[in-house]
Structures are given as structure tokens and as C-alpha cells.
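First comes the structure, then the notes that go with it.
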Amino acid sequence: MMHPQGFDTQRNHARVLTGRSLSISGMRSSGIEPTPLVLTSSDMLLFFASFDFCLSMAENRVNGQKFRKFSSKPHSLRDFEEEVKFLREELCMSKSKHLLLLQELESKETELQCSSLSVEKLEETISSLTLESLCEIESMKLDISALEQALVDAMRIQEESIQEKDQLRGVIEEVQFQSREAQEKAKSVEKLNEELRKRIAGSEKSIKEFFQSTKERLESENEEQPPLNGECFFAELSHVFPLSSEGRECFDAIIKRLELPRNVTLIDKMEGMGKQIQLQEDLVKRLKEELKEEKLKAKEEAEDLTQEMAELRYKMTCLVDEERKRRVCVEQASLQRIAEVETQMKRETNKRSSTDMLPLSVL
């Protein structure tokens, strides 16, 4: 016999389990999917106790019914044996059902353990994925800050290159201005040379006119005076004015033709004329030397300007090449960094998609 208190506790356990099953069936009938129950060890013991109680109740009920039937109606021995046989078959069936239920319970326990392990694994994977995603977000933030710094550096380099271009433009304008000044100086030197040529031509013309006037004056002298020695005249004249061979021949022909008399006043006049000729020749020499010096200066200035222009062109080409190389390096570095970030983002998206698909496959 079962104790009344144990009987009541088993009945209460059975009511709890039946209430749970009824609530689950009611939720399913109303269209609400019930949440899966997580059975603990106390729930399992409760389930076994209620199951034993149900079996004992069923056996008692069957025995009571059979006993009432047996006591109410007299049966023959054959009917009694059939009843016993029937009861034995039902007992075997109930035992087999009991074994099936125990096996099903064990399978449920194993499934529950597997599900708990899978849940723990999923929680671990989710925590690791969240940690990895946070680390990747921080690394992406660092990459973005580095890219921003690189962009700022590139903009600063661009501004510096613009300033250098402005400076080069100013230097080029200054060089062009200097070249224009040099051209103007060369033009002024050419103009001065032209003026000097004109002055030289005028001085030569004046010398020729002087010779002509001297010749005319000598021809107009008094022929009664004694003749002048040509060698003494040229010797005295050479101290004052160095004559060329043509001038010497001209004077010699004039003196021989006119047979100049030895006159002191004429010698003084000739000395004054020689001094004037010497002054004219000195002026011509000085003008020639000045012209030569101006030409040399203009040539040196032109060479200096050409050298400066060549150096500036070389510097400009070097600066342009350096700026082009710098821009190419900056562009290559930025493109490489962008490609790395894109590949990293693609990898992250692929990892996230694979991690999103993993829990579904596990479930």
C-alpha cells in the first residue's frame, strides 16, 4: 500500500505536469508557439514520480474493475484464465510502453544535453565574434584616422607645391624682366655703337676735310719764300701726331709739289693742326675702346643671363620632376591604402556572412 502523503504529492506532481501539458497544447491551438522548456534534475525526478504514480493508478483501476467484475458476476474457470491472460498481456504491454517511455526520456535527456552544449558553444562564438568585431571596428577607426592624416599631409604637400609654383613663377617673371632689361641694354649698346660709328665717320670726314684744307692753304702760300724741307716737317709733325702711311704720302706729295718754304708761322700752324688731328685720333681711339668695352660688357651680361636662364630652367625641371614623383608616390600610397581597406572590408563582410550562416547551420 502507498502512503497517503506520498499519494497526495504524486497526485500534485501529476496535476502540475498535466497543467503544463494542457497550457502548451492550449498555446499551440491558439497559434502561439510555446518556448522550449529547460528541464532540471528536480523536474526529471518529478516526471519519474508522476509516471510511476500514473502506472500505479492505472494498475489499481484495472485491478479494481476486474475485481468488481469478478465479485459481481460469477465466472467460470475458463473465463478467469482468459481474464488473467488478458491482464498479463496488458501488463506486458504496459511494461513495454514503460520501457519505450524510458528510452524516449533518455533520448530527450541526451538531446537536452546536446542542445545545452550547442547553446554554450553559440554563446562562446557570439562573444568571440562580438570581440572580433569590436577589434575590427577599432582597427578600422585607426585606419580611417591614418587615411585622414594622409589626406591632410597630401593637401599640405599640394599647398606647398602651389606655393613653390608661385615662387617659381615669380622667379621666371623676374628672369624674363631681367632678360628684357638685358635686351634693352643690348639695344642701347647697339644704338651707342651706331652713334660711335657715326662719330668715327664724322671724325674721319673732318680729318679728310682738314687734310684737304691744309692742302689748299699750302697751295695758296707765297712761292717766293724759301722751300721747306719735307723730312724736317714730318719729323716735327710725327712728335705731335702719328701719321699713317697714306697721310704721310699725301703730305709728302703736297710738300714736294709746292716746295714749301721754311716758315716758322707755317710750322706753328702745322703743329696746331697736328695737335687737332692728334686730339681727333685720340678721341677716335677712346671711342673705339669704349665701344669695345661696351661690347665686352654686353657680351658678358648676355652670357651671364643665358647661364642664369639655363640654371633656372634646370632648377625648374628638377623641381617639376620632384613634384611629379612626390605626387605619384602620394597617389600610389593612397591607392594602395584604399585597396587594402577595401580588401579588409570585403574580408570582414565575408567573415560576418559566414558567422551569420554558422548559427543557422548549428540550429
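Residue numbers for the sequence shown, in numbering that gives the first Met the number 0: 0 to 362. Built from N, CA and C at the ideal position, the CB exists for glycine as well. In this text the structure is predicted, and so the values were computed from the model without any measurement.
Buried or exposed by the 16-neighbour rule on C-beta atoms within 10 Å, applied to residue i
i: Ile161; result: exposed
i: Ile337; result: exposed
i: Gly273; result: buried
i: Ala200; result: exposed
i: Thr342; result: exposed
i: Ile143; result: exposed
i: Ala145; result: exposed
i: Ile276; result: buried
i: Val37; result: With a pLDDT of only 45 at Val37, under 50, the local geometry of the prediction cannot be trusted, and no value is derived from it.
i: Phe66; result: Its pLDDT being 48, under 50, Phe66 is placed unreliably by the model, and the measurement read from it follows with that caveat. So Phe66 ends up on the exposed side.
Spatially closest choice to residue i from the options, by CA coordinates
i: Glu137; options: Ser352, Ser353 and Glu347; result: Glu347
i: Ala301; options: Asp142, Gln177 and Arg77; result: Gln177
i: Glu172; options: Asn349, Met308 and Val319; result: Met308
i: Lys294; options: Ser352, Lys186, Val340 and Gly271; result: Lys186
i: Cys328; options: Glu299, Lys345 and Ala149; result: Ala149
i: Lys350; options: Glu131, Gly271, Glu183 and Met139; result: Glu131
i: Glu322; options: Glu159, Val340, Glu110 and His97; result: Glu159
i: Glu163; options: Val319, Leu101 and Ser352; result: Val319
Below-8 Å beta-carbon distance, residue i vs any chain B residue
i: Leu191; result: Structure shown: chain B not included; a single protein chain is present.
8 Å Cβ cutoff met for residue i and residue j
i: Arg198; j: Leu304; result: no
i: Val188; j: Leu311; result: no
i: Ala297; j: Lys204; result: no
Just checking, does the segment 303-317 make contact with the segment 165-175 on the three C-beta pairs under 8 Å criterion?
Judged by pairs of C-beta atoms under 8 Å, the segment 303-317 touches the segment 165-175, as three or more such pairs exist.
Please confirm if the segment 329-349 is in contact with the segment 137-156, defined as three or more CB-CB distances below 8 Å between the two stretches.
yes
With a threshold of 8 Å, are at least 3 pairs of Cβ atoms found where one atom belongs to the segment 171-186 and the other to the segment 271-291?
With a cut-off of 8 Å, the segment 271-291 and the segment 171-186 do not count as touching, because too few Cβ pairs lie within range.
Should the segment 285-298 be regarded as contacting the segment 192-199, the criterion being three or more beta carbon pairs within less than 8 Å?
Judged by Cβ distances under 8 Å, the segment 285-298 makes contact with the segment 192-199, as three or more pairs qualify.
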